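Inspection log for the structure reproduced underneath, given as structure tokens.
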Amino acid sequence: MNCDTIYNTRISDDFNNGKKLLYDLKNNVTVFGSARTQENNAYAKKAQELGYVLANEGINIITGGGDGIMQAANKGAFESKKAQSVGLSIELPFENSVNPYTTKSLTFNYFFSRKYMLVKYSKACIIFPGGFGTLDELFEVLTLIQTHKMRDGFKLYLVGCDFWKGLIEFIKTTLVSEKMIDAGDLDIIKLSDDIEAIKNEIIKL
1 MNCDTIYNTR ISDDFNNGKK LLYDLKNNVT VFGSARTQEN NAYAKKAQEL GYVLANEGIN
61 IITGGGDGIM QAANKGAFES KKAQSVGLSI ELPFENSVNP YTTKSLTFNY FFSRKYMLVK
121 YSKACIIFPG GFGTLDELFE VLTLIQTHKM RDGFKLYLVG CDFWKGLIEF IKTTLVSEKM
181 IDAGDLDIIK LSDDIEAIKN EIIKL
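Numbering (UniProt numbering), first residue to last: 1 to 205.
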């Protein structure tokens, strides 16, 4: 089997296995965030609280399946026992493939197929502080919403007002002022640290 065949097979496996895992799951929310955050970190605690309160409402939590924020959100959903706690992971040298708080999991071969499946079946995305990977996920989702490639009504929340304020300021003072985006594109983003308010909005979607 040549390299192209192997590559194409692995891509097909990612999409087919992802669809098989998620297709019948309804009422899903995706949580993104750093894999490096410790369990006692304030953002990790918020992610666990969020996972718990959403799962209590029957909302399934989907994460990248790794450590840090992802594990915290999965743990909250897992402890609720009222919804699925899903981890869509990828093999990396510096983090666990799948954290122990998932009820459904799948390990992907490629980042691009994993990112697609992480949001394909969700109605909202909640993004906690993170590094390059989290920023990549944030801007991909922003682009998909801006270009109307996401389902109607899809919502995006940023949790961590202090963490994200510099980025929001850059978007306002540079991207908007230089006419790289429209001022109305800022409305895509909801910045909030109020977990209860986010929950109440999401259960109405």
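Where a beta carbon is used, it is the ideal one built from N, C-alpha and C, also for glycine.
These numbers were taken from a predicted model, which means no experiment stands behind them.
By the criterion of a C-beta distance shorter than 7 Å, V141 is surrounded in its chain by V119, C125 and L156, once the five residues flanking it on both sides are discounted. Contact between V31 and K199 fails: their C-beta atoms lie close to 13 Å from each other, not under 8 Å. For I90 against R114, the beta-carbon gap comes to about 5 Å, under 8 Å, which counts as contact.
Contact between the stretch 95-105 and the stretch 64-78 is present: 3 or more CB-CB pairs across the two stretches fall below 8 Å. For Q84, same chain residues with a beta-carbon under 7 Å away, outside a window of 5 residues either side, are L25, N60, T103 and K104 in chain order. In the three-state reduction of the DSSP assignment, K204 falls in the coil class. N74 is not a Cβ neighbour of G58, given a cutoff of 8 Å. N109 is positioned such that its CB atom lies closer than 8 Å to that of D13. Within the same chain, and ignoring the five residues on either side of I188 in sequence, the residues whose Cβ sits closer than 8 Å to its Cβ are L142, I145, Q146 and L156. Using a 10 angstroms sphere on the CB of A35, the tally of other CB atoms reaches 16 or more, which defines it as buried.
Taking 4 residues as the minimum length, the alpha helix (DSSP H) runs contained wholly in the stretch 4-61 are 42-56, in order along the chain. Annotation for K155: no alpha helix (DSSP H) segment contains it, though the beta strand (DSSP E) segment containing it runs K155 to L158. Annotation for G65: no beta strand (DSSP E) segment contains it, and DSSP assigns it neither H nor E. In this structure, Y121 lies away from L191, with their beta-carbon atoms at least 8 Å apart.
If you draw a straight line from the Cα of R10 to the Cα of G133, it comes to about 21 Å. Leaving aside the five residues that flank A72 on each side, the residues in its chain whose CB is nearer than 6 Å to its CB run, in chain order, A44, A47 and Q48. Membership of K190 in the beta strand (DSSP E) is indicated by the continuous run I189 to L191. Counted as a single uninterrupted DSSP element, the beta strand (DSSP E) harbouring T107 occupies residues K104 to F108. Across the structure, D162 and P129 are spaced so that their CA atoms are roughly 10 Å apart. Taking 8 Å as the cut-off, the Cβ atoms of L175 and I181 count as close.
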